[in-house]
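Some notes on the structure that comes next.
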Amino acid sequence: MFKKGKSPPQKRIDSLIGAGTTVHGDVAFTGGLRIDGAVYGKVETTDNQPGTLVVSEHARIEGEARVSHMVINGTVSGPVTANDYLELQAKARVNGDVVYRTLEMHVGAIVQGKLVHSEPESASVVELKRAEH
Numbered sequence: 030m031f032k033k034g035k036s037p038p039q040k041r042i043d044s045l046i047g048a049g050t051t052v053h054g055d056v057a058f059t060g061g062l063r064i065d066g067a068v069y070g071k072v073e074t075t076d077n078q079p080g081t082l083v084v085s086e087h088a089r090i091e092g093e094a095r096v097s098h099m100v101i102n103g104t105v106s107g108p109v110t111a112n113d114y115l116e117l118q119a120k121a122r123v124n125g126d127v128v129y130r131t132l133e134m135h136v137g138a139i140v141q142g143k144l145v146h147s148e149p150e151s152a153s154v155v156e157l158k159r160a161e162h
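Counting in my numbering, the sequence shown runs from 30 upward without gaps.
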């Protein structure tokens, strides 16, 4: 009845991990998160809600990053999943596989891993039955 459309990107940043700050452990957030420091652990939105993650030029994530909208200009060592939109700016360094729906990659960005395009989750499941002889 109601079709779930593409979620718009979060335009404001609700949380900040500042330069000089190091987090050891997983980070779950809602809305928007900007990282200027370092995170050693998984970074994702709470309950897979739409959200925006900004990884600034001097920031570092050692672990998985899984968010609907992501802008990377720093370093991520681990798998990256952007369910909607991923922007890799000129100083982005990703050491791991990248799963994305829409990708914008600037000149100078580096990915050491696979780039995997993800289609919207609209695939139908087909059930096969064994033919009886």
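Ideal Cβ placement from N, Cα and C applies to all residues, glycine included.
| Asked | Found |
| --- | --- |
| Once you ignore the five residues that flank Thr-75 on each side, which residues in its own chain have a CB closer than 6 angstroms to its CB? | Ala-57 and Thr-59 |
| What residue from Ala-119, Lys-40 and Ala-67 has the CA that sits closest to Ala-88's CA? | Ala-67 |
| What are the uninterrupted segments assigned as beta strand (DSSP E) that are 3 or more residues long and contained completely in the segment 78 to 106, given in chain order? | 80 to 84, 89 to 91, 94 to 101 and 104 to 106 |
| Report the option in Thr-110, Ile-46 and Gln-141 whose CA atom is closest to the CA atom of Arg-122. | Gln-141 |
| Can you find the residues in the same chain that come closer than 7 angstroms, C-beta to C-beta, to Ser-85, ignoring five residues on each side of it along the sequence? | Arg-63, Ile-64, Asp-65, Asn-102 and Gly-103 |
| Decide if Val-96 is buried, meaning its Cβ has at least 16 other Cβ atoms within 10 Å, or exposed. | buried |
| Going by alpha carbons, who is nearest to Gly-137 out of Gly-125, Asp-126, Ala-119 and Leu-82? | Ala-119 |
| Which residue from Val-127, Ser-106, Ile-46 and His-53 puts its Cα closest to that of His-98? | Val-127 |
| When the Cα of Thr-51 is compared with those of Asp-43, Arg-41, Leu-117 and Gly-70, which residue comes out closest? | Gly-70 |
| Mind reading off the beta-carbon distance from Gly-80 to Gly-61? Whole number of angstroms is fine, and I expect it under 8 angstroms. | 6 angstroms |
| Excluding the five sequence neighbours on either side, which residues of its own chain have a C-beta within less than 8 angstroms of the C-beta of Gly-92, listed in chain order? | Asp-55, Val-68, Tyr-69, Gly-70, Lys-71, Val-72, Ser-106 and Gly-107 |
| By the 10 Å Cβ neighbour count, where 16 or more other Cβ atoms means buried, how is Ile-90 classified, buried or exposed? | buried |
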